[in-house]
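Peer 1:
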Amino acid sequence: MELKGKTAIVTGGTSGIGLSTAQAFLEKGAKVVIAGRNVQRGEKAAADLSKISSDVAFFQADTSDEESVKKLVDFAVERFGSLDVMVNNAGIGIHGTVDQLSAEDWNTVIAINLNGVFYGTKYAAIQMKKQGHGGAIISTSSIEGVIGDPIIPSYCAAKGGVNQLTKSSALSLAKDGIRVNTVNPGYVDTPLVSLEALGQELRDALIAMHPLGRFAKPEEIAHAIIFLAENDFVTGTHLVVDGGYTAQ
Ligand code: NAP
Numbered sequence: 069m070e071l072k073g074k075t076a077i078v079t080g081g082t083s084g085i086g087l088s089t090a091q092a093f094l095e096k097g098a099k100v101v102i103a104g105r106n107v108q109r110g111e112k113a114a115a116d117l118s119k120i121s122s123d124v125a126f127f128q129a130d131t132s133d134e135e136s137v138k139k140l141v142d143f144a145v146e147r148f149g150s151l152d153v154m155v156n157n158a159g160i161g162i163h164g165t166v167d168q169l170s171a172e173d174w175n176t177v178i179a180i181n182l183n184g185v186f187y188g189t190k191y192a193a194i195q196m197k198k199q200g201h202g203g204a205i206i207s208t209s210s211i212e213g214v215i216g217d218p219i220i221p222s223y224c225a226a227k228g229g230v231n232q233l234t235k236s237s238a239l240s241l242a243k244d245g246i247r248v249n250t251v252n253p254g255y256v257d258t259p260l261v262s263l264e265a266l267g268q269e270l271r272d273a274l275i276a277m278h279p280l281g282r283f284a285k286p287e288e289i290a291h292a293i294i295f296l297a298e299n300d301f302v303t304g305t306h307l308v309v310d311g312g313y314t315a316q
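Residue 316, in our numbering, is where the sequence shown stops; the numbers in between run on with no holes.
1) Among 240, 127 and 100, which has the Cα closest to the Cα of residue 189?
2) Taking the straight line between their C-alpha atoms, what separation do you get for residue 154 and residue 87?
3) Should residue 181 and residue 213 be called a contact, given that it needs their Cβ atoms to be closer than 7 Å?
4) Which stretch, first to last residue, makes up the beta strand (DSSP E) that contains residue 306?
5) At a cut of 8 Å, does the region 228-242 reach the region 133-140 through at least three beta carbon pairs?
6) Is there contact between the region 194-210 and the region 243-260, where contact requires at least three CB pairs shorter than 8 Å?
7) I'd like the list of long-range same chain contacts for residue 296, defined as Cβ closer than 7 Å, with 5 residues on each side in sequence excluded.
8) Residue 294 and residue 309 look like a contact to me (Cβ under 8 Å); what is the Cβ gap, rounded to whole Å?
9) On the three-state DSSP scale, how would you describe residue 262?
10) Which of the three DSSP states, helix, strand or coil, is assigned to residue 128?
11) Got a sec: does the ligand NAP put a non-hydrogen atom nearer than 6 Å to the Cβ of residue 271?
12) Residue 156 bridges to which residues according to DSSP?
13) Let me know the alpha helix (DSSP H) ranges lying completely inside the region 155-194, each 4 residues or longer, listed in chain order.
14) Please list the terminal residues of the continuous beta strand (DSSP E) segment that includes residue 103.
15) Applying the 10 Å Cβ sphere with the 16-neighbour rule, what's the burial state of residue 280?
16) Below 6 Å, is the gap between the Cβ of residue 261 and the nearest heavy atom of the ligand ZN?
17) Does the beta carbon of residue 305 come closer than 7 Å to any beta carbon on chain B?
18) If I follow the unbroken alpha helix (DSSP H) through residue 231, where does it start and stop?
19) Looking only at C-alpha atoms, which of 313, 106, 75 and 115 sits nearest to residue 96?
20) Considering only DSSP beta bridges, list what residue 299 is partnered with.
21) In angstroms with no decimal places, state the Cα-to-Cα distance between residue 194 and residue 146.
22) Grab me the residues of residue 156's own chain with a C-beta within less than 6 Å of its C-beta, minus the 5 sequence neighbours each way, in chain order.
23) Tell me the residue span of the alpha helix (DSSP H) that contains residue 76.
24) From residue 167 to residue 218, what distance separates their C-alpha atoms?
25) For residue 99, count the other beta carbons within 10 Å of its own beta carbon; 16 or more makes it buried, fewer makes it exposed. Which is it?
26) Kindly indicate which residue of 81, 85, 93 and 164 has the alpha-carbon position closest to the one of residue 130.
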């Protein structure tokens, strides 16, 4: 897909991987809507990104809310005329082993990290089918959707669900030329896994789990998302970008 002039939505586009991804789409000449819950952060991110291109807008949306995601898609189409790429990237993590995790925390993670991807995939697919010229849907999964992790079972369950939702959606949407894929990063240097979020000991231990000896940079994941948007023969796949973590 030639991205110049196309419209992309990036949920969670106000920070970390999403912000880098929005930047990469703008650099390719695409029009971009970034979404998040925090208006102040969203407007600042949009103002920063507008230095690359004025074809960028922030829309406040909570991806755990179906109506909010539907409105986000409607906004992108009203503002920029179409929706060609949907990046379901918004996500959170809550630590707690299975015997310690509250049902409330479980539900919060599933609502944002799995239900949100379902709503984004659903309303993007409806809009892309209406337009009739295909499209690309890319969701940010994780290596944690492939391996188990004792301290974040809800996160692993949600990301594993994203992988399976993606394969199933890829099969039903292939005839419409809509490709559906995931990027599955290892740990990426963003606020989600900052020193404040993890503490020094856990962060050092996690870095040591990556054979390349570091966390990914957000732009390395954005690069993989751009590949999944541009390559017209990739669908139903999980692109692992993890510095060798899952090769062990
Ligand atoms: P981040 O820097 O914390 O950014 C998260 C983004 O998601 C923010 O823009 C946040 O904005 C938004 N968000 C969170 N909940 C939302 C909701 N309910 N509705 C709308 N937006 C919401 O995190 P990141 O590390 O870039 O993570 C992005 C994605 O990559 C996530 O799906 C994460 O699971 C995945 N991932 C991250 C890593 C990693 O090591 N960092 C590794 C593998 C996968 P608001 O708070 O304003 O809503």
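Built from N, CA and C at the ideal position, the CB exists for glycine as well.
This one's a predicted model, so the numbers in the text were calculated from it and none came from an experiment.
Peer 2: Quick look at the numbers:
1) For the purposes of this step, residue 189 is identified with residue 121 of the sequence shown, where counting begins at 1. Per the Cα distances, 240.
2) Counted from its first residue, the sequence shown places residue 154 at position 86. Counted from its first residue, the sequence shown places residue 87 at position 19. C-alpha separation (whole angstroms): 14 Å.
3) Here residue 181 is taken as the residue at index 113 of the sequence shown, counted from 1. Here residue 213 is taken as the residue at index 145 of the sequence shown, counted from 1. It is not a contact, given that the beta carbons lie outside the stated cut-off.
4) To locate residue 306, count along the sequence shown from 1; it is residue 238. Start and end: 306-309.
5) These segments do not touch.
6) yes
7) Here the question's residue 296 lines up with position 228 in the sequence shown. Same-chain partners within the cutoff: 204, 206, 249, 251, 302 and 307.
8) Locating residue 294 in the sequence shown gives position 226, where the first residue counts as 1. Locating residue 309 in the sequence shown gives position 241, where the first residue counts as 1. 12 Å between Cβ atoms; not a contact.
9) Taking the sequence shown and counting its residues from 1, one reaches residue 262 at position 194. In this structure, residue 262 counts as coil in the three-state DSSP scheme.
10) Residue 128 sits at position 60 when you count from the first residue of the sequence shown. Strand at residue 128.
11) In the sequence shown, residue 271 corresponds to position 203, counting from 1. In this structure, residue 271 has its beta carbon at no less than 6 Å from each heavy atom of the ligand NAP.
12) Counting from 1 along the sequence shown, the entry for residue 156 is found at position 88. The partner list for residue 156 (beta bridge, DSSP) reads 207.
13) 171-178
14) Taking the first residue of the sequence shown as 1, we reach residue 103 at position 35. Run containing residue 103: 99-104, per the beta strand (DSSP E) assignment.
15) Mapped onto the sequence shown, residue 280 falls at position 212. Classification of residue 280: exposed, given that the 10 Å Cβ count is below 16.
16) Annotation note on the ligand ZN: not contained in the displayed structure, which lists the ligand NAP as its ligands.
17) Here chain B cannot be found, since the structure has a single protein chain.
18) By one-based count along the sequence shown, residue 231 stands at place 163. Residue 231 -> alpha helix (DSSP H) spans 221-241.
19) In the sequence shown, the residue the question calls residue 96 occupies position 28. Of the listed residues, the one whose Cα sits closest to residue 96 is 75.
20) Residue mapping note: residue 299 aligns to position 231 of the sequence shown, counting from 1. Beta-bridge pairing links residue 299 to no other residue.
21) Numbered from its first residue, the sequence shown carries residue 194 at position 126. Numbered from its first residue, the sequence shown carries residue 146 at position 78. Cα-Cα distance, rounded: 15 Å.
22) Locating residue 156 in the sequence shown gives position 88, where the first residue counts as 1. Same-chain partners within the cutoff: 79, 185, 188 and 207.
23) Taking the first residue of the sequence shown as 1, we reach residue 76 at position 8. That residue, residue 76, is in no alpha helix (DSSP H); its beta strand (DSSP E) goes 75-79.
24) The count along the sequence shown starts at 1 and reaches residue 167 at position 99. The count along the sequence shown starts at 1 and reaches residue 218 at position 150. So the two alpha carbons sit approximately 10 Å from each other.
25) Walking along the sequence shown from the start, residue 99 turns up at place 31. By the Cβ neighbour-count rule, residue 99 is buried, with 16 or more other Cβ atoms within 10 Å of its own.
26) As a position in the sequence shown, residue 130 is number 62, starting the count at 1. For residue 130, the nearest C-alpha among the options comes from 81.
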